[in-house]
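Novice: Just so you know, we're using full-length UniProt numbering here: the sequence shown kicks off at 1 and counts up by one. Input: one structure, supplied below.
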Amino acid sequence: MEVKNTGNATIKADFERQVEDLAKWEGKGSAGRATRVEIETTEKWTNIFSGYKSGKRDGVKYKPEGTPAGTMVKNGVSVRIAGTDISPSRLKRMEAEIQARKQAGTMEWSRMKTPKEAMDYLGVS
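See below:
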């Protein structure tokens with residue numbers, strides 16, 4: 001489990017590697033091993049749908065492509081935000097709906113104060 005206090009911590013460049021390492025650890029273990037990212041509060045939780053900040057990877061300046069949500073989806077890692085579990089498949093549907101609304105100019109971030117409110121707003125159950 002990777003624990004973060006707020007969603008803001010997920011946009012750091014090293015988060016990508018942390019999620020990749022979680023997925024590798026899960027794959028190496030015996031059946032029943034499970035991983036997830038735990039974000040303790042809803043503060044800035046929607047940053048999981050934002051792009052990464054630049055950082056360093058192996059000593060070289062690096063900015064991961066995509067979003068923290070996309071990284072979790074790609075690696076099959078779920079997330080728990082303030083007690084609400086979101087599977088990789090649900091996260092993928094949420095991100096797709098957000099992208100569609102952003103392109104249409106209809107995205108209302110204020111309606112996503114909590115993961116539950118976000119799922120209702122986005123029509124993802």
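Virtual Cβ for every residue (Gly too), placed ideally from N, Cα, C.
Roughly how many whole angstroms lie between the Cα atoms of residue 55 and residue 75?
Specialist: Spanning the two alpha carbons is a distance of roughly 20 Å.
Novice: Would you call the CB atoms of residue 5 and residue 40 closer than 7 Å?
Specialist: A contact, by the Cβ cut-off of 7 Å.
Novice: Can you look up residue 105 in the DSSP assignment and give me helix, strand or coil?
Specialist: Here residue 105 sits in coil by DSSP.
Novice: So does the stretch 72-92 actually touch the stretch 18-26, counting three or more Cβ pairs closer than 8 Å?
Specialist: In short, these stretches touch, since the Cβ pair count reaches three.
Novice: Can you check which of these residues, 61, 43, 69, 8, is closest to residue 96 by C-alpha distance?
Specialist: Closest option to residue 96, Cα to Cα, is 69.
Novice: Identify the residues that DSSP records as bridge partners of residue 55: which are they?
Specialist: DSSP lists 62 as partners of residue 55.
Novice: What residue range is occupied by the uninterrupted beta strand (DSSP E) comprising residue 111?
Specialist: Counting along the chain, residue 111 falls outside any beta strand (DSSP E), and DSSP gives it neither H nor E.
Novice: Take the Cβ of residue 1 as the centre, count every other Cβ of all protein chains shown within 10 Å, and call the residue buried at 16 or more, exposed below.
Specialist: The residue in question, residue 1, is exposed, as its Cβ has fewer than 16 Cβ neighbours within 10 Å.
Novice: Give me whichever residues DSSP pairs with residue 84 in a beta bridge.
Specialist: DSSP, once it has assigned bridges, lists 81 as partnering residue 84.
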